Amino acid sequence: MRLKRSELKDFLDEKVDLYNRPSFIEQDPISIPHLYTRKEDIEISGFLAATIAWGNRKMILRNSARMMEILENSPFGFIVNSSDCELDQAIRFVHRTFNSVDLAYFLKALRHIYRNRGGLETIFETNKTSDSLQPAIHELHKIFFELPHEKRTERHVSDPFKGSAAKKINMFSRAISVAINQNILTRSDSVL
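Each step along the sequence shown adds one to the number in the working numbering, with nothing skipped, and position 57 is 77.
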């Protein structure tokens with residue numbers, strides 16, 4: 021049975037209400053952006069945590085926390101104030117197929133996005149439509165890989181225009197949506 025759009029929205033809103041509580045958040049990768057109050061730190065930590073959110077939940081939480089330690093628990097400040105050499109040297113990281121090369125590129129791409137493109141929120145707000153984040157996710161993918169990179173790193177950022185369900189980016193959207201008081205995205209903007 022296929023749900024109508026309004027039924028799907030009601031179902032998803034109900035799930036947001038069910039899971040958007042401290043007892044759930046503590047044991048979920050969504051807890052990582054909740055560690056921060058600065059919008060950019062929330063965006064970056066949520067994006068990175070969502071990127072490695074596959075596998076054992078405890079391992080995801082441990083490795084997400086480790087990434088934040090690598091970023092000196094100040095994701096935005098670390099990223100925008102570090103040189104390429106510092107980013108390359110600061111990292112010894114592996115989570116399943118996401119490794120140090122991938123993380124170094126992610127940090128450089130995020131630095132590029134925040135220095136030259138207005139940040140993640142700007143990309144999403146400028147490119148989303150009234151009923152879909154797919155154009156925004158596609159644009160993020162294009163911008164994210166503007167810098168020279170290893171082809172293998174592309175598998176960690178989905179593009180819905182190439183047939184991907186973009187689950188990790190939508191998880192990022194959910195993480196940011198939970199920070200509704202930040203007014204970044206509304207509940208209905210989070211799509212699965």
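Even glycine gets a Cβ: it sits at the ideal position worked out from N, Cα and C.
Nothing here was measured: the structure is a model prediction, and the numbers come from that model.
Residues bridged to residue i [DSSP beta-bridge criterion]
| i | result |
| --- | --- |
| S152 | T149 |
| N19 | The structure shown does not extend to residue 19, since the chain is modelled only from 21 to 212, so the question has no answer here. |
Three-state secondary structure assigned by DSSP to residue i
| i | result |
| --- | --- |
| N101 | helix |
| L38 | helix |
| D108 | helix |
| H54 | helix |
| F144 | helix |
| P168 | coil |
| L127 | helix |
| L32 | helix |
| D209 | For D209, the predicted structure reports a pLDDT of 46, less than 50, and the residue's modelled location is therefore unreliable. The matter cannot be settled from this model. |
| F192 | helix |
| R22 | coil |
| N76 | coil |
| S84 | helix |
| A91 | Here residue 91 is Leu; the residue named in the question, Ala, does not match the sequence. Looking at L91 - three-state DSSP - the assignment turns out to be coil, as it is neither helix nor strand. |
| A69 | helix |
| R137 | coil |
| S184 | coil |
| L43 | Note that residue 43 is Ser in the sequence shown here, rather than Leu. Note: S43 maps to helix in three-state DSSP. |
Neighbour-count burial assignment, residue i, 16 or more Cβ in a 10 Å radius
| i | result |
| --- | --- |
| P180 | buried |
| N83 | buried |
| F31 | exposed |
| V177 | buried |
| K148 | buried |
| T71 | buried |
| P95 | buried |
| M87 | buried |
| L205 | In this prediction, L205 has a pLDDT of 41, which is less than 50 and means its spatial position is unreliable; what the coordinates show is noted afterwards. Flag for L205 reads buried. |
| S26 | exposed |
| E166 | exposed |
| D61 | buried |
| S150 | exposed |
| A185 | exposed |
Short Cβ contact (7 Å threshold) for residue i with residue j
| i | j | result |
| --- | --- | --- |
| I216 | L55 | Residue 216 cannot be examined here, being either before or after the span of the chain that is shown, 21 to 212. |
| S65 | P53 | yes |
| A124 | I133 | no |
| T173 | D122 | yes |
| L140 | E34 | no |
| P49 | I90 | no |
Min CB distance residue i to chain B below 7 Å
| i | result |
| --- | --- |
| I163 | Absent from the structure is chain B; it holds one protein chain and no more. |
**Prompt:** Contact between the stretch 115–128 and the stretch 147–161: three or more CB pairs below 8 Å?
**Reply:** No, they do not touch.
**Asked** If you pair each beta-carbon of the stretch 149–158 with each one of the stretch 184–194, do three or more pairs fall below 8 Å?
**Response** By the Cβ rule, the stretch 149–158 counts as touching the stretch 184–194, because three or more pairs are nearer than 8 Å.
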